[in-house]
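To start, the structure under review is shown below, and the notes come after it.
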Amino acid sequence: MPYVMVQIPKPPAPSRTAQRPVPTSADVARLAGVSRATVSYVLNNTAAVRISEPTRRRVHEAAKELGYVPHAAARSLRAGHRRMVLMPAPAVPAGPLYSAFIYELQWALHRLDYTVVQYGGVGLAGDEAARAWAELRPVAVLVPGTGLGPEGVALLRRSGARAVVTLGPDAVEGAHALLMDHESVGHCAGAHLYARGRRRIGVVVPEEGGLDVFSRPRLAGVRRALHGTAATVTELPLAYTEESAARLAARWGDLGLDAAFAYNDEYAMLLMRALQDEGVAVPADTAVIGADDLLLGRLLRPRLSTVRIELPSGRDLAELVDRAVRDPGGEPERHKVLGASVVQRDST
942 MPYVMVQIPK
952 PPAPSRTAQR
962 PVPTSADVAR
972 LAGVSRATVS
982 YVLNNTAAVR
992 ISEPTRRRVH
1002 EAAKELGYVP
1012 HAAARSLRAG
1022 HRRMVLMPAP
1032 AVPAGPLYSA
1042 FIYELQWALH
1052 RLDYTVVQYG
1062 GVGLAGDEAA
1072 RAWAELRPVA
1082 VLVPGTGLGP
1092 EGVALLRRSG
1102 ARAVVTLGPD
1112 AVEGAHALLM
1122 DHESVGHCAG
1132 AHLYARGRRR
1142 IGVVVPEEGG
1152 LDVFSRPRLA
1162 GVRRALHGTA
1172 ATVTELPLAY
1182 TEESAARLAA
1192 RWGDLGLDAA
1202 FAYNDEYAML
1212 LMRALQDEGV
1222 AVPADTAVIG
1232 ADDLLLGRLL
1242 RPRLSTVRIE
1252 LPSGRDLAEL
1262 VDRAVRDPGG
1272 EPERHKVLGA
1282 SVVQRDST
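Per my numbering, the sequence shown starts with residue 942, numbered consecutively.
Okay, here's the thing in structure tokens:
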């Protein structure tokens, strides 16, 4: 059988697409018919220089056409410092109240020409976490919760951070502090239940990791509110699942409780539904109160009593950051925040 040699032609080498040069502010200035200084004033929102609206529009249109964006590092050099504010991502899922606070804070910092960056460093804590944050060279770091110590603060300051602000129950040497008193939340709930005639009070302590920094002070607050009375306090571990709530509700009769402070509104709604499924009447058999004053709690039947929590204003915190950045050698500020008050509804 004859064989035929067939030569497969070699495909042509792929042509290298010429890489477009990175557009510069000079390119934007030429296209818009203005000076480079005008481009800088417009794109950096410099308030001290008056630029007509038609000129602003031409600059923005030229920058969009060329795909030009300002160089953040160069802008920081001109300003004398960076504009990045770093926020470590919370180690636990953020609830609606905290999410709304962060949203307001981001807008307030944006209006002051800062950029907020959330850093997700799962498994990092203490000085190790501070070292990871320092690598990004932020101008300020806002640290929620606990874990950062004086050594971590000093490390961040040496790396160039002009401000370190902690949001937690205790102040840290060298850092500004927003002191959040979660014990007062539990005290409000405990005092309210006692005033409503309840004497056998359960307190939900979430089993989810990371929440003990909030739940333990709230439990202590209930104990403090009932200290010296004949009322009893029972700790109730509860995971945020329907199965866990059903197991707790199934032994409710054996616990002999006539009230529950359920840590927050989400756990309160979970527990209340499980109790009702078990035939426990709310509030006739057991009063239930949460915390956070979420809208969904008002839509339940019975409507959920709650402890309304006043978080610090995002605008006030942004102004604190700005003050600290402008005066990095100033004395650390300490502010007590987190006001708490009871909103009584049908569930108590």
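Every residue gets a Cβ at the ideal spot worked out from N, C-alpha and C, and that includes glycine.
Residue environment, Gly1238, which counts as buried when at least 16 other CB atoms sit within 10 Å | With at least 16 other beta carbons inside 10 angstroms of its own, Gly1238 counts as buried.
Which partner residues of Met1028 appear in the DSSP bridge assignment?
-> Per DSSP, Gln1059.
What did DSSP end up calling Gly1220 once you bin it into helix, strand or coil?
-> Residue state, collapsed to three classes: coil.
Does the Cβ-Cβ distance between Leu1097 and Ala1071 come in under 9 Å?
-> Yes, Cβ-Cβ distance for Leu1097 and Ala1071 is below 9 Å.
When the Cα of Arg1304 is compared with those of Ser1288, Glu1260 and Gly1197, which residue comes out closest?
-> The requested residue 1304 is not part of the displayed model; the chain covers only 942 to 1289.
DSSP three-state assignment for Arg1098, whether helix, strand or coil = DSSP, read as helix, strand or coil, puts Arg1098 in helix.
Beta-carbon proximity check, Pro1135 vs Ala1161, cutoff 9 Å | The residue asked about is misnamed: residue 1135 is Tyr in this sequence, not Pro. No, they are not a contact pair.
Using CA coordinates, which residue listed in Leu1211, Gly1101 and Pro1029 is at the minimum distance from Tyr1181?
-> With distances taken between Cα atoms, Tyr1181 lies closest to Leu1211.
Starting from the C-beta of Ala1228, find all residues in its chain whose C-beta is less than 8 Å away, skip the five residues before and the five after it, and write them out in chain order.
-> Here Ala1228 has Leu1134, Arg1137, Arg1139, Asp1199, Ala1200, Ala1201, Ser1246, Ser1288 and Thr1289 as same chain residues with Cβ atoms under 8 Å from its own Cβ, once five neighbours each way along the sequence are excluded.
Ile1142 - containing beta strand (DSSP E), residue span = Run containing Ile1142: Arg1141 to Pro1147, per the beta strand (DSSP E) assignment.
What is the DSSP secondary structure of Ile992, reduced to helix, strand or coil?
-> DSSP places Ile992 outside both helix and strand once states are collapsed to three, so it counts as coil.
Neighbourhood of Tyr1060 by C-beta, 8 Å cutoff - its chain only, sequence neighbours within 5 removed = Here Tyr1060 has Leu1027, Met1028, Pro1029, Ala1030, Ala1073, Trp1074 and Leu1077 as same chain residues with Cβ atoms under 8 Å from its own Cβ, once five neighbours each way along the sequence are excluded.
Quick one, are the C-beta atoms of Leu1279 and Asp1122 less than 9 Å apart?
-> A contact, by the Cβ cut-off of 9 Å.
Counting only the same chain and skipping the five closest in sequence on each side, list residues whose C-beta sits under 6 Å from that of Ser1282.
-> Arg1249, listed in sequence order.
Flag this pair as yes or no: are the beta carbons of Arg1264 and Gly1255 separated by less than 9 Å?
-> Cβ distance not < 9 Å, so Arg1264 and Gly1255 don't count as in contact.
Going by DSSP, name the residue or residues bridged to Met1121.
-> The secondary-structure analysis by DSSP pairs Met1121 across a beta bridge with Val1278.
Environment of Pro1079 [buried if 16+ CB atoms lie within 10 Å] = Buried, by the Cβ-count rule.
Within its chain, find whatever has a CB closer than 8 Å to the CB of Val1284; leave out the 5 residues flanking it on each side and keep chain order.
-> Cβ neighbours of Val1284 beyond the five flanking positions: Asp1234, Ser1246, Thr1247, Val1248 and Arg1249.
In the structure shown, what three-state DSSP assignment does Val1113 receive?
-> Looking at Val1113 - three-state DSSP - the assignment turns out to be coil, as it is neither helix nor strand.
Relative to the alpha-carbon of Lys1277, which residue among His1128, Ala1112 and Ile1142 has its alpha-carbon at the smallest distance?
-> Closest option to Lys1277, Cα to Cα, is Ala1112.
For Val1082, which beta-bridge partners are listed by DSSP?
-> Its beta-bridge partners are Leu1027 and Val1105.
How big is the Cα-Cα spacing for Leu1196 and Pro1243?
-> Approximately 23 Å, taken between the alpha carbons.
Continuous alpha helix (DSSP H) stretch holding Ser966: start and end | Ser966 to Ala973 is the span of the alpha helix (DSSP H), which, as asked, contains Ser966.
Rounded to a whole number of angstroms, what is the C-alpha to C-alpha distance between Ile992 and His1001?
-> If I take the Cα positions, the gap works out to 12 Å.
In chain order, what residues of the same chain lie with their CB nearer than 6 Å to the CB of Gly1088, ignoring the 5 residues before and after it?
-> Hits under 6 Å: Ala1066 and Gly1067.
Below 7 Å CB to CB, which residues in the same chain sit around Thr1170 once its five sequence neighbours on both sides are set aside?
-> Scanning its chain for C-beta atoms nearer than 7 Å, with the 5 sequence neighbours on each side dropped, one finds around Thr1170 the residues Tyr1135, in chain order.
On the premise that Glu1148 lies in contact with Ala1190, defined as a C-beta separation below 8 Å, what is that separation, rounded to the nearest angstrom?
-> About 16 Å; that fails the 8 Å criterion.
According to the Cβ coordinates, are Val1154 and Tyr1204 closer than 9 Å?
-> Val1154 is not a Cβ neighbour of Tyr1204, given a cutoff of 9 Å.
Neighbourhood of Val1082 by C-beta, 6 Å cutoff - its chain only, sequence neighbours within 5 removed = Spatial neighbours of Val1082 in its own chain (CB-CB distance under 6 Å, excluding positions within 5 residues in sequence) are listed in chain order as Leu1027, Trp1074, Leu1097, Ala1102 and Val1105.
Do you know whose CA, among Glu1274, Leu1258, Val1266 and Glu1183, lies nearest Leu1046's CA?
-> Here the closest residue by C-alpha is Leu1258.
Presumed contact (8 Å Cβ cut-off) between Arg1188 and His1128, rounded CB distance = About 29 Å separates the two Cβ atoms, so there is no contact after all.
Kindly list the residues whose CB is nearer than 6 Å to the CB of Ala1004, restricted to its own chain and excluding five residues on each side of it in sequence; keep chain order.
-> Excluding sequence neighbours, Ala1004 sits near Val969.
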